[in-house]
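Student: Got a structure for you, questions after.
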Amino acid sequence: MSRRASAGPSASASDAPGLDPVIHAAARLRVVASLASLPGEDRITFPRLQDLLGMTAGNLSTHLRKLEDAGYVEVTKSHQGRTPATHLRLTPAGRTAFEDYRATLRTLLG
Amino acid sequence: MDEVHEDERSAAARLALIEDQQRLVSRAVEPDPRLLYGAWGVAWLAGFGLVAAGGGRDPLIALPRALPEVVLGVLLTGAGLVTVVHSVRVGRGLSGPSTTSAVLYGWSWVLGFAALAAVNTAVAAASGDPAVAELLSPASAGVLVGVMYLFGGTLWREPVQFGLGAWLLLTTAVGALLGLPALLWVMSLAGGGGFLAVAVRCASQRRRVA
């Protein structure tokens with residue numbers, strides 16, 4: 001995780017140290033915040049999440065891939081009859097990263 | 111530009127973004143308590159009130175035979191449909207432990223009332239006394255509803271829902287001991303009123319958060 005905690009050379013002045021760059025992007029923050037407000041360990045299908053976020057499918061896929069690569073989101077595929085469905089869930093690491101991110105924001109506010 | 115102030119502003123904006131999104135998602139995936147308690151409150155208040163006033167052997171108001179009971183049945187069925195359709199809608203696309211709990215809880219209502227209807231029919235037939243069925247049907251339904259709300263309050267850790275269940279059990283028990291038509295008045299006013307009070311409470315809580 002330390003790899004991600006250190007802001008790269010491209011970080012701007014407003015990228016406060018300690019803010020996870022994976023979820024700092026506004027769109028990904030909304031994705032993670034949405035998944036974090038699902039109860040317990042529940043999963044949500046891709047179209048329903050897309051509906052709640054009002055993002056295009058392509059846009060959401062891109063962000064989900066980044067979150068999946070970081071180990072923050074778990075993607076599972078299933079088949080209901082012939083229709084394939086993609087289910088998404090925040091991993092424990094993702095939940096921790098989100099809680100840490102929010103706690104850091106609160107500290108910044110003092 | 112003061113960098114510290116800039117950071118604070120952007121942190122505040124981020125927190126607001128998180129809060130807004132989480133509120134939006136919670137409201138979209140959780141059943142709206144105002145709608146559900148409101149629908150059941152109206153059904154109990156008007157339905158049991160109508161049977162209390164217009165049913166039985168000595169009605170307060172003259173209504174066509176069986177009309178109050180039919181209206182009660184339609185209102186309760188309507189509230190049930192509102193509940194099922196709304197719950198399925200908000201739960202679409204969700205799966206996992208709490209969704210499983212919600213689905214099993216929903217089936218508990220269906221199974222409980224199916225078994226209760228069978229038992230009540232058997233008791234009415236065995237007793238041969240219509241007065242038994244007239245008292246037993248609303249009283250046993252009130253008890254089952256009360257127990258289901260105790261169970262729901264326990265499942266979702268909602269003291270208000272648990273409290274409503276306790277209130278329905280208490281009022282139904284007292285009403286049953288008082289007999290007919292008191293039981294029907296109690297279920298209409300105290301029961302239906304209880305549902306509506308909880309609906310109003312949920313509505314004012316939501317306004318405060320918004």
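Going line by line, the protein sequences match chains A and B. Our numbering puts the first residue of the first sequence at 1, with every later residue one more than the last. Our numbering puts the first residue of the second sequence at 111, with every later residue one more than the last. C-beta: ideal position from N, C-alpha, C; glycine also. These numbers were taken from a predicted model, which means no experiment stands behind them.
Rounded to a whole number of angstroms, what is the C-alpha to C-alpha distance between residue 147/B and residue 18/A?
Tutor: Cα to Cα, the separation comes out at about 45 Å.
Student: At a CB distance below 9 Å, what residues from the region 46-58 of chain A approach chain B? Give them in sequence order.
Tutor: Taking 9 Å as the Cβ-Cβ cut-off against chain B, the residues of the region 46-58 of chain A that qualify are 46, 47, 48, 49, 51, 52 and 53.
Student: I'd like to know if residue 243/B contacts chain A, where contact means its C-beta is closer than 8 Å to some C-beta of that chain.
Tutor: Not an interface residue.
Student: Nearest to residue 128/A by alpha carbon, out of 107/A, 89/A and 54/A?
Tutor: Because residue 128/A is not part of the residues shown, which for chain A are 1 to 110, the question remains open.
Student: With a 10 Å radius around its C-beta and 16 neighbouring C-beta atoms as the bar for buried, classify residue 217/B as buried or exposed.
Tutor: By the neighbour-count rule (16 or more Cβ atoms within 10 Å), residue 217/B is not buried but exposed.
Student: Go to residue 89/A, then tell me how far its beta strand (DSSP E) extends in each direction, as first and last residue.
Tutor: It spans 83-90 - the beta strand (DSSP E) in which residue 89/A sits, taken as one unbroken run.
Student: Hey, out of 206/B, 241/B and 211/B, whose CA is closest to residue 261/B's CA?
Tutor: Closest option to residue 261/B, Cα to Cα, is 211/B.
Student: Strictly under 8 Å for the Cβ-Cβ distance: is residue 43/A near chain B by that measure?
Tutor: True, the Cβ-Cβ gap to chain B drops below 8 Å.
Student: Where does residue 179/B fall in DSSP's three states?
Tutor: Three-state DSSP puts residue 179/B in a helix.
Student: Comparing alpha-carbon positions, which option in 61/A, 51/A, 72/A and 104/A lies nearest residue 94/A?
Tutor: Taking only the C-alpha atoms, the option nearest residue 94/A is 72/A.
Student: Here's a check: name, in chain order, each residue in its chain whose Cβ is nearer than 8 Å to the Cβ of residue 5/A, leaving out the five neighbours to either side.
Tutor: The pLDDT assigned to residue 5/A is 42, lower than 50, so where the model puts this residue is not dependable; a value taken from the coordinates is nonetheless given after this. Once the five neighbours on either side are set aside, the close Cβ partners of residue 5/A are 18 and 20.
Student: In or out: residue 178/B buried (at least 16 other Cβ within 10 Å) or exposed?
Tutor: Label assigned to residue 178/B: buried.
Student: Are the C-beta of residue 30/A and some C-beta of chain B separated by less than 8 Å?
Tutor: Chain B contact via Cβ: present.
Student: Does the CB of residue 105/A have a neighbour CB from chain B at under 8 Å?
Tutor: It does: the Cβ of residue 105/A has a partner Cβ on chain B nearer than 8 Å.
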